[in-house]
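Trainee:
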Amino acid sequence: MNKCDELYRGKAKSVYFTDDPDLLILHFRNDTSAFDGKKIEQLDRKGMVNNKFNAFIMARLAEAGIPTHHKSLLNDEESVVLKLDMIPVECVVRNIAAGSICKRLGIEEGLDLNPPTFEFFLKDDERGDPMINEYHIESFGWARSEHVVKMKELTFAANDVLKALFLAGDMLLVDYKLEFGLYKGEVILGDEFTPDGCRLWDAETREKLDKDRFRQGLGDVVESYELVGHRLGLNFG
Ligand code: ADP
Ligand code: TMP
Ligand code: ASP
Numbered sequence: 002m003n004k005c006d007e008l009y010r011g012k013a014k015s016v017y018f019t020d021d022p023d024l025l026i027l028h029f030r031n032d033t034s035a036f037d038g039k040k041i042e043q044l045d046r047k048g049m050v051n052n053k054f055n056a057f058i059m060a061r062l063a064e065a066g067i068p069t070h071h072k073s074l075l076n077d078e079e080s081v082v083l084k085l086d087m088i089p090v091e092c093v094v095r096n097i098a099a100g101s102i103c104k105r106l107g108i109e110e111g112l113d114l115n116p117p118t119f120e121f122f123l124k125d126d127e128r129g130d131p132m133i134n135e136y137h138i139e140s141f142g143w144a145r146s147e148h149v150v151k152m153k154e155l156t157f158a159a160n161d162v163l164k165a166l167f168l169a170g171d172m173l174l175v176d177y178k179l180e181f182g183l184y185k186g187e188v189i190l191g192d193e194f195t196p197d198g199c200r201l202w203d204a205e206t207r208e209k210l211d212k213d214r215f216r217q218g219l220g221d222v223v224e225s226y227e228l229v230g231h232r233l234g235l236n237f238g
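For the sequence shown, this note's numbering gives the first residue as 2, with consecutive numbering after it.
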């Protein structure tokens, strides 16, 4: 399999065609973006850490029966994935209140959400990724109703797997975002699961170990991502 032209350059990853029409290469760059691209910095080692972290999590999800696009690690910063027809919607599950829900609803950060809550956002940086609902997704043709049902089911299924995985490493999975796409008509988990797209707190101290360190200028961003990986038994070399 050979790397071909660039298909898309996102804020943090680049996507390349390969000579196999079913496969793409995802390049995890060191670029780190927040606030829909309004804050962007280069952080040493982040591409490598996120690429390996993502491969590890995708493998755990696949073992649990969640279909994912991840095929293999190609090198430190690149992975081979199935080419999906991406659904332009972000699926967010929240176990603990943090981030935008606190601002939107005036809720205190740290409140346990029982049951966990679910939100859809439209992938649209220009409009600040607005929150949308299932009716919007169907009315505007962003996905069919059976695919919406499947995305919700798979996002909650991932919560059970990931909450337990992080808790075993003394971490709380506060919230996370997943993106899905279609491959031969089937809904498949795409994009990434890394500390760039979730919130993770130390279970005892509630110290932030995710991209909020970058958003809030707390420092030690990549060091914290590596610490999370080490607690899961990952070695970044
Ligand atoms: P953004 O587009 O938000 O700036 P990234 O920098 O992470 O995000 O770019 C990666 C892009 O690749 C995203 O738009 C994502 O939807 C897309 N993508 C992820 N996985 C796949 C896949 N398997 N097939 C096609 N596109 C994908
Ligand atoms: P929020 O609190 O900003 O709505 O984000 C909820 C979770 O989803 C948080 O872990 C960050 C993640 N997320 C992204 O990674 N990208 C996005 O564009 C959005 C809206 C959320
Ligand atoms: N993922 C979005 C961005 O890269 C939003 C965020 O993380 O704050 O800008």
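Glycine residues also receive a C-beta, built at the ideal position from the N, C-alpha and C atoms.
Helix, strand or coil for residue 156, going by three-state DSSP, please let me know.
Mentor: Along the sequence shown, one-based indexing puts residue 156 at 155. If DSSP states are grouped into helix, strand and coil, residue 156 belongs with the helices.
Trainee: Can you find a heavy atom of ligand 3 that lies under 7 Å from the Cβ of residue 35?
Mentor: Position 34 of the sequence shown holds residue 35. The answer is yes for residue 35.
Trainee: Return helix, strand or coil for residue 24, following the three-state DSSP convention.
Mentor: Locating residue 24 in the sequence shown gives position 23, counting from the first residue. Residue 24 falls in the strand class under three-state DSSP.
Trainee: Taking 7 Å as the cut-off, is the CB of residue 30 close to at least one heavy atom of ligand 3?
Mentor: The residue given as residue 30 occupies position 29 in the sequence shown. No, the Cβ of residue 30 stays beyond 7 Å of every heavy atom of ligand 3.
Trainee: For chain D, check one thing: does any of its Cβ atoms lie closer than 8 Å to the Cβ of residue 224?
Mentor: Absent from the structure: chain D. Only one protein chain is present.
Trainee: Given this structure, state the Cα-to-Cα distance separating residue 8 from residue 19, to the nearest angstrom.
Mentor: Residue numbering aside, residue 8 sits at position 7 when the sequence shown is read from its first letter. Residue numbering aside, residue 19 sits at position 18 when the sequence shown is read from its first letter. Near 10 Å, if we compare the C-alpha coordinates of residue 19 and residue 8.
Trainee: Should residue 118 and residue 145 be called a contact, given that it needs their Cβ atoms to be closer than 8 Å?
Mentor: Counting from 1 along the sequence shown, the entry for residue 118 is found at position 117. Counting from 1 along the sequence shown, the entry for residue 145 is found at position 144. Cβ atoms of residue 118 and residue 145: not closer than 8 Å.
Trainee: Could you check if residue 53 belongs to the surroundings of ligand 1, using beta carbon to heavy atom distance under 7 Å?
Mentor: By one-based count along the sequence shown, residue 53 stands at place 52. No, the Cβ of residue 53 stays beyond 7 Å of every heavy atom of ligand 1.
Trainee: Going by DSSP, name the residue or residues bridged to residue 86.
Mentor: Indexing the sequence shown from 1 puts residue 86 at position 85. Its beta-bridge partners are 183.
Trainee: According to DSSP, is residue 172 part of a helix, a strand, or is it coil?
Mentor: Along the sequence shown, one-based indexing puts residue 172 at 171. Residue state, collapsed to three classes: strand.
Trainee: Does the beta-carbon of residue 226 have 16 or more other beta-carbons within 10 angstroms, so that it is buried, or is it exposed?
Mentor: Mapped onto the sequence shown, residue 226 falls at position 225. The residue is buried, with at least 16 neighbouring Cβ atoms inside 10 Å.
Trainee: Please list the terminal residues of the continuous beta strand (DSSP E) segment that includes residue 8.
Mentor: Locating residue 8 in the sequence shown gives position 7, where the first residue counts as 1. Taken as a continuous stretch (DSSP letters only), the beta strand (DSSP E) holding residue 8 covers 4-10.
Trainee: Does DSSP classify residue 54 as helix, strand or coil?
Mentor: Your numbering for residue 54 matches position 53 in the sequence shown. Of the three classes helix, strand and coil, the one that applies to residue 54 here is helix, per DSSP.
Trainee: Select from 179, 236, 222, 211 the residue whose C-alpha is nearest the C-alpha of residue 87.
Mentor: Reading the sequence shown from its first residue, position 86 is the one you call residue 87. Per the Cα distances, 179.
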